[in-house]
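Per full-length UniProt numbering: the sequence shown = residues 1 to 616.
The beta-carbon is built from N, C-alpha and C at its ideal position, and this holds for glycine as well.
All of these numbers come straight from a predicted model, not from anything done at the bench.
Working notes, beginning with the structure itself.
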Amino acid sequence: MVARKTVELFARANKQWEPRRRLTVSEWADMNRVLTTESSAEAGPWRTSRAEYQREIMDSIEHWQEVVIMASAQVGKTEFLLNVTGSYIDQEPCPIMHVLPNEDLIQAYSKKRLTPMINNSEVLRKKVGVAKSRDSSNTIEEKSFPGGYVTIVGANAPAGLSSRPVQIVLCDEVDRFPISSGKEGDPIALATARTKTFRHKRRHLFVSTPVDKETSRIYQLYEDSTMEQWCLPCPHCGELQPLRFKDGIVYEHYISESGEIVVTKAEHRCMYCGMLGSEKEWKRGEGAWIARKEHSTRRGFHINQLSSPWSDWREVAKAFLVAKREGVDKLKVFVNTVLGEPWETEKKGVDDKSLAARREYYPYDVPPGVKVITAAVDTQDDRFEIEIKGWGAGKESWGIEYHRIYGNLDSPEIWKQLDEFLCRTWIGEGGREFRIIGACIDSGGHYTKEVYEFTRSRNYRHIYAIKGQGITPKTAKHIPFIYKRSKTQREGAILWSLGVDDGKVKIFDSLNVKEPGPLYCHFPGEEKGYTEEYFLGLTAEAPVYQIIGGQKYKTWKKIRDRNEPFDLAVYNRAVIEILRPNLSLPIERQPNGPKVLPGGGTAMKKRRKQGVSSSI
């Protein structure tokens, strides 16, 4: 009896010295993560089984040097990064770096995501502690713990990316990273270079919703990986396959009397047996990741909202129908954020002859369908080039008039003529008068001061000076179309900075719309200034791809000298993006619009029901 007790005593003592089995990231999260309402719609203990596709993604970081996740919204992308962070803090303390698109996101990410994870996990709270304003080891940007630290940096800050060695690099939303971090080059290359000293222990994790196929970082990384897809078994034949929206989802919907799209049913068609199955039937199956390529160091995953437990197929179908109704801009967002796929711009551009062939007869200056009109002005040394454009639902546009005012821009007289032109009215059906709701005037020529002085006293009429900015080796970053609003120091005029590359993409996409509807461009006849010369200028630039800072980026190249019509199309679109009028409102409720409702009122759409196989 004594001998047995002695053996048991030694066995218990030896257990204290046995190395603790390392938990996988998913096991660690199931045991230690607690979600709160600060960061999750479903508060409570973390459950990997809630979305089983997460398990393999998180656990792969233990065995693969690089992991790529190309995913839609609402699939838990950021949670993958946080779970990896927590697992390493607790089980293998080391230096960890989170890289965000820019420094402005650091505070929100730290306070809303990282800190709640630490504070609501007992094992992490004991190691990291609570942030104190006087404790330099625990700040918004950096949190220390025995054996390592977590630092959060912006991809636009070269000092943060290249300061110290790190073992784990976690890059969030890489498709929104700048082309270059300052003048130092590709931010991903800068960040991953910090891990060289850790050799076999280093880990790189890249997560993002993709944007444009031609320039998407996450798509390029994913293509150079195992290219895995989350597959579910058909509830009828059992064949594993990825859930597809195009040619996969079949839905029924109708348009309510108020114009709302209502989807009543959504199912998925098996690519093998052709049978339809409900969302519950498909999601009940045991899924698996299936690789399409072999790779020695990089594992890649693609997941979309169709597989997410937090999405509903009927809502996905509705989002598609709304996007399709509103035009290519919204359709691109759907493809990126719902399907988790990069958007591919149509390869074939439009030419001057095909656009000129669109010219049509307007019964009035302003044809039916136009809700508001805008103006764009380009300054040349001897003239103003002006285009008046009408806008309808879904940003469908109508050229109203292309006009030139010749003269010496040093003379007050020509500026007076410009003001008179911008003050005039254009007549629509029933004698309705349309005035411009706003205008953008280019300030980048030789008359910058004069443009500022002219617009300053007319800012109340939404007449603004603009300045275009494009991607260059010096800036090396993506500039959104409506980039920045400021005031000129001397004149006090409102100045809008525009990302002209982004704006030109919008115009290019609109010109490629082939049927009247959202984003389609209408043109009147030569008598309104829409001559062959106009269409040559509208198509005077073509998209090209440059390698800047080691990253491919879309820019624009002149193929003809005179490109004023193309620029003016961009400026008119800028007015709409700045003022954002509700183009779905009836005409009489638009700003500066006519006060009489068109005769007969609006015809109510009839309730109709149909079954559709989705196609983008």
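Top-ranked residue by Cα proximity to residue i, from the options
i	options	result
TYR534	PRO524, VAL500 and TRP64	PRO524
GLU526	ASN138, GLY517, ARG432 and ILE400	ILE400
ARG562	GLU532, VAL544, GLU577 and ILE578	GLU532
TRP282	LEU243, SER256, GLU38 and HIS302	LEU243
ILE479	TRP496, GLU491, ALA465 and LYS487	TRP496
SER121	ILE559, MET227 and TRP46	TRP46
PHE245	LYS487, LEU321 and ARG358	LEU321
LYS528	TRP398, ASP30, THR488 and PHE481	TRP398
SER163	THR192, ILE179, HIS295 and TYR447	THR192
GLU184	ASP172, THR197, ARG203 and LEU161	LEU161
LYS558	LEU536, GLY259, LEU331 and GLN220	LEU536
ILE441	GLY431, ARG424, ARG432 and ASN459	ASN459
LYS449	LYS487, HIS462, GLN241 and ALA159	LYS487
GLU103	PRO187, THR48 and LEU498	PRO187
GLU360	SER443, PRO516, ILE218 and PRO210	PRO516
CYS94	THR197, THR374 and GLY468	THR197
SER510	GLY431, ARG203 and LEU331	LEU331
DSSP state of residue i mapped onto helix, strand, coil
i	result
SER307	helix
GLY599	Confidence in GLY599 is poor, its pLDDT being 32 and thus under 50, which makes the residue's placement too unreliable to answer from.
GLU228	strand
GLY503	helix
LEU339	coil
THR197	helix
ILE479	coil
TYR447	coil
GLU413	helix
PHE382	In the sequence as presented, Phe is not what sits at residue 382; that position holds Asp. Note: ASP382 maps to coil in three-state DSSP.
SER110	helix
ILE140	coil
VAL75	coil
PRO233	strand
PRO594	Any reading at PRO594 needs caution, since the residue's pLDDT is 38, under 50, leaving its predicted position unreliable; the model's value is listed next. DSSP places PRO594 in coil when its eight states are reduced to three.
GLU541	strand
VAL153	strand
SER49	helix
LEU190	helix
CYS440	strand
ARG404	strand
THR315	Note on residue identity: the sequence assigns Glu, not Thr, to residue 315. GLU315 falls in the helix class under three-state DSSP.
MET70	strand
VAL570	helix
ALA375	strand
PHE301	strand
Cβ shell of residue i (< 6 Å), same chain only, five flanking positions each side left out
i	result
VAL513	LEU519 and TYR520
VAL123	ASN32 and ASP90
ASP365	TRP426 and ILE427
TYR452	ALA465, THR488, GLU491 and ALA493
residue 652	The structure shown has nothing for residue 652, since the chain only spans 1 to 616.
Neighbourhood of residue i by C-beta distance below 8 Å, restricted to the same chain and skipping five residues each side
i	result
GLY44	VAL34 and LEU35
THR85	ILE96, HIS98, LEU114, MET117, VAL150, ILE168 and LEU170
ALA319	PHE334 and VAL338
PHE80	GLN54, ILE57, MET58, ILE69, LEU205 and VAL207
VAL25	MET58, ASP59, ILE61, GLU62, ASN83, VAL84 and SER87
7 Å Cβ shell around residue i - same chain, five flanking residues per side excluded
i	result
PRO368	GLU429
LEU568	ALA376, ASP378, GLU385 and GLU387
ILE106	LEU100, ILE140, GLU141, ILE152 and GLY154
GLU326	GLY394 and PRO518
THR48	SER26, ALA29, ASP30, GLN54 and ARG55
Anticipated Cβ contact below 8 Å, residue i with residue j, distance rounded
i	j	result
GLY340	SER60	In fact, because the Cβ distance is near 18 Å, the residues do not count as touching under 8 Å.
CYS231	CYS273	Incorrect: roughly 15 Å between the Cβ atoms, too far for contact.
ARG298	TRP64	7 Å
ASP352	THR539	5 Å
LYS112	VAL128	Not quite, the Cβ-Cβ distance comes to about 16 Å (not below 8 Å), so this is no contact.
HIS302	GLN229	5 Å
GLY392	LYS371	5 Å
ARG194	VAL174	That belief does not hold up - the Cβ atoms of ARG194 and VAL174 are roughly 16 Å apart, past 8 Å.
ALA291	MET227	7 Å
SER181	PRO146	Not really, about 31 Å apart at Cβ, beyond 8 Å.
PHE421	ILE507	In fact, because the Cβ distance is near 23 Å, the residues do not count as touching under 8 Å.
LYS213	TYR222	LYS213 to TYR222, Cβ: 11 Å. No contact.
Chain D contact for residue i (CB, 8 Å cutoff)
i	result
ILE179	Here there is only one protein chain, and chain D is not present.
Any non-hydrogen atom of the ligand FAD closer than 7 Å to residue i Cβ
i	result
ARG125	The ligand content of the structure shown is nil, which means the ligand FAD is not present either.
Kindly confirm or deny that the region 498-512 and the region 410-419 touch, where touching means at least three C-beta pairs closer than 8 Å.
no
Does the pairing of the region 575-582 with the region 432-445 give three or more beta-carbon distances under 8 Å?
yes
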